[in-house]
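In the order they appear, the protein sequences are chains V and X. Here the first sequence stands for residues 1 to 293, where the numbers follow the working numbering. Here the second sequence stands for residues 1001 to 1293, where the numbers follow the working numbering.
2 protein chains.
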Amino acid sequence: MLDALRHDAALVEAELDRLLPLPDSGPRRRLQEAVRYAVLDGGKRLRPFLLLQTARLFGLPPARALRAAAAIEMLHCYSLVHDDLPAMDDSDLRRGRPTVHRAYDEATAILVGDALLTQAFAVLADPLTHPDGDLRCKLLSGLAEAGGIAGMIGGQAIDLVAEQSGLALADIEELHAYKTGALIMEACRAGALLGGAEQQEIEAVLRYASDLGLAFQIVDDLLDAEGDTLAVGKPVGQDAAAGKATFVSMLGTEAARARAGELVQRAKDSLAYFGGRAAILQRTADFVLTRQV
Amino acid sequence: MLDALRHDAALVEAELDRLLPLPDSGPRRRLQEAVRYAVLDGGKRLRPFLLLQTARLFGLPPARALRAAAAIEMLHCYSLVHDDLPAMDDSDLRRGRPTVHRAYDEATAILVGDALLTQAFAVLADPLTHPDGDLRCKLLSGLAEAGGIAGMIGGQAIDLVAEQSGLALADIEELHAYKTGALIMEACRAGALLGGAEQQEIEAVLRYASDLGLAFQIVDDLLDAEGDTLAVGKPVGQDAAAGKATFVSMLGTEAARARAGELVQRAKDSLAYFGGRAAILQRTADFVLTRQV
């Protein structure tokens, strides 16, 4: 499965490289460079991988889902760039390199995020993504919902409030369902839509993605509590330092790891209907549990 | 024509009110309130007006172009909120009220812009905007291009560079073609597309919009140089204080006003083909020249 992840990551990397404008010699050069810096040569590409593998589950070859996969990754990268800003999480390091506002400047980082968010939608709207305009709009609506106030932006807003006032465990689960879960679910939904899945099949895939997304976030909290900066590629111990309520601070390390394990098992069970065809997605769930980055 | 502008602005205001989520009692309340603060109860609504009036030029009643008009205004408002941020233009006043980051905080202002950009696309992707998915995607592609690196974001990036290094007159025209012109052109293009215009008609409308957009920006520079804060609703004299190259600093007040006048005349001439049906759009061009806000 790690081979498949690396293989698809290379495909996605090449597609992103094609889709992002090359820096020209004009006054927008710095911005164009910063956009590429924010996206290329980094990350596990987990969300596009989930999209490509879900599409494959329904018989669609990766080449025909690659633009949608790149769009999802653009949206993910935009959210990282904006979340890292000084007014938000104020992070200096991302994927083992300085964050965009550290490598460039704050104004450029704001514009980079805006540009990536805009281009994610532009890529989906293009007929090259899929010949059917109604389907493209469904992908667009899904991405906008996952990225909007009912999704990632809402989650980040809750996260900002949470740092001040603290949250109960159910609130934290809700926060992460917005902040991380929505886009992971949308990746799988988009793959299923592109693959022509039936409603019932889409629902099975979404149950998988929902549990996977929450497990992913719990492991993120564990890595922040236990990992080391060099391996994780971003500063660790930030949550505790900020006095942030996390799964680890609420449940303790052991119970948090156990909860992630249960969620991963349930995610895998949700795909039982697909038999051996779902093997890679099931092993992806195991990877989410054991990952060190 | 001022009556038509006020009438359409009220329609757009009501549509925006319907489309923006009402604040709930949860932890996203502050963000939801700030989104509405950024959009409602302010502004001339010139871009949606141009969209509605162009649609009307081709026989489409406003009710059927209102969602697209609201989407254009959301995109415009997002760009104002982000451009006003401390790391960008650092403005305290907009439409006679504190800017979003002053009324709330910087993190909220970043998220408000992100949310409005996202929702603009969500509104266009929805079948309620138009039954034809391919046409909705055309509107989306146009808005993404006008808003992206080839449009507003690119213009803002040039503007940030320009403050340091200075620009020639041709560069300033290019900057504003990106920063202001692209969205004004897109408003007219979207109205024409929704109205079912022929290619030749779209081109005439775009010539009008291109000249109108540049005239609009020259008048903006004149108001910044000559207007007073109370009437304009935002601080004036900022360009000169920042040592910014503007049409006024390059051409002088008189030549700048003459150039705006020529552009407005040419804009009106571009619509001659439509005869009396284009009267409101032609009077809008006169308004752009004489406006005091």
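Even glycine gets a Cβ: it sits at the ideal position worked out from N, Cα and C.
Partners in chain X for residue i, counting only beta-carbon separations shorter than 9 Å
i	result
V:Phe247	Result: empty, since nearest Cβ-Cβ is about 18 Å, beyond 9 Å.
V:Gln119	Ala1144, Gly1148, Ile1149
V:Val12	Per Cβ cutoff of 9 Å: no residues; V:Val12 is ~20 Å from chain X at best.
V:Val100	Ordered by position in chain X, no residue passes the 9 Å Cβ test against V:Val100, which lies about 12 Å from the chain.
Contact set between residue i and chain X, taken where Cβ atoms lie within less than 8 Å
i	result
V:Ser141	Ala1122, Ala1125, Asp1126
Reference residue i, options the options, closest by Cα
i	options	result
X:Arg1029	V:Leu194, V:Leu206, V:Pro21, V:Ala157	V:Ala157
V:Pro127	V:Ala68, V:Gln217, V:Gly196, V:Gln292	V:Ala68
V:Leu20	X:Ala1150, X:His1176, X:Pro1023	X:Ala1150
X:Gln1119	X:Asp1008, X:Asp1017, X:Arg1277	X:Asp1017
V:Ala380	X:Arg1095, X:Thr1284, X:Leu1111	Lying before the first or after the last residue shown, residue 380 of chain V is absent from chain V, which here runs from 1 to 293.
X:Val1100	X:Ala1255, X:Ala1071, X:Ala1038	X:Ala1038
X:Arg1267	X:Thr1246, X:His1130, X:Ala1204, X:Ile1218	What sits at residue 1267 of chain X in the sequence shown is Ala, not Arg. When only C-alpha atoms are compared, the closest one is X:Ala1204.
V:Leu160	V:Gly227, V:Asp84, V:Gly133, V:Tyr208	V:Asp84
X:Gly1261	X:Leu1212, X:Val1293, X:Gln1238, X:Ala1272	X:Leu1212
V:Ile184	V:Ala4, V:Glu15, V:Ser141, V:Ser210	V:Ser210
V:Ala162	V:Gly237, V:Ala242, V:Asp286, V:Gln200	V:Ala242
V:Val236	V:Pro27, V:Arg95, V:Asp24	V:Arg95
V:Pro27	X:Pro1098, X:Asp1171, X:Arg1257, X:Gln1265	X:Asp1171
V:Arg64	V:Thr129, V:Ile202, V:His7	V:Thr129
V:Met1	V:Leu167, V:Leu22, V:Lys44, V:Asp269	V:Lys44
7 Å Cβ cut-off: residues of chain V touching residue i
i	result
X:Pro1021	Ile149
X:Ile1158	Pro27, Arg28
X:His1082	Ile110, Asp114
X:Asp1134	Gly133
For residue i, three-class secondary structure by DSSP
i	result
X:Leu1075	helix
X:Arg1097	strand
X:Lys1234	coil
X:Lys1138	helix
V:Thr54	helix
X:Glu1198	coil
V:Tyr104	coil
X:Gly1252	coil
V:Arg67	helix
X:Ile1158	helix
X:Met1152	helix
X:Gly1191	helix
V:Met185	helix
V:Lys244	coil
V:Arg291	coil
V:Lys268	helix
X:Gly1059	coil
V:Lys179	helix
X:Pro1023	coil
X:Leu1128	coil
V:Leu40	coil
X:Gly1276	helix
Contact check, residue i vs residue j, beta carbons under 8 Å
i	j	result
X:Glu1106	X:Val1012	no
X:Arg1047	X:Ala1187	yes
V:Leu222	V:Val248	yes
V:Leu57	V:Phe274	yes
X:Ala1070	X:Val1123	yes
X:Asp1114	V:Leu117	yes
X:Thr1284	X:Gln1053	yes
V:Arg136	V:Ala144	no
X:Glu1173	X:Leu1206	no
V:Gly195	V:Leu60	yes
X:Met1250	X:Leu1169	yes
V:Ala240	V:Ala225	yes
V:Asp90	X:Gly1133	no
X:Tyr1178	X:Gly1147	no
X:Phe1049	X:Ala1009	yes
X:Ala1055	X:Val1081	no
V:Leu271	V:Tyr208	yes
Chain X residues whose Cβ lies nearer than 7 Å to that of residue i
i	result
V:Ala87	Glu1106, Ala1107, Ile1110
V:Gln77	Looking at the sequence shown, residue 77 of chain V is not Gln but Cys. None at all; the shortest Cβ gap to chain X is about 13 Å.
V:Val39	Per Cβ cutoff of 7 Å: no residues; V:Val39 is ~13 Å from chain X at best.
Distance between beta carbons of residue j and residue i, contact taken as under 8 Å
i	j	result
V:Ala190	V:Leu281	14 Å between Cβ atoms; not a contact.
X:Lys1234	X:Leu1075	Actually they do not touch by this definition, with Cβ atoms about 19 Å apart.
V:Val219	V:Arg291	6 Å
V:Ala34	V:Tyr104	5 Å
X:Phe1121	V:Phe287	Actually they do not touch by this definition, with Cβ atoms about 32 Å apart.
Chain V residues whose Cβ lies nearer than 8 Å to that of residue i
i	result
X:Gln1032	Ile149
X:Arg1266	Residues of chain V passing the Cβ test: none, with the nearest at roughly 27 Å.
X:Arg1064	What X:Arg1064 touches in chain V: nothing, since even the nearest Cβ is about 17 Å away.
X:Cys1188	Neighbours of X:Cys1188 on chain V: none; closest Cβ ~19 Å, over 8 Å.
X:Ile1153	Leu31, Leu111, Asp114, Ala115, Thr118
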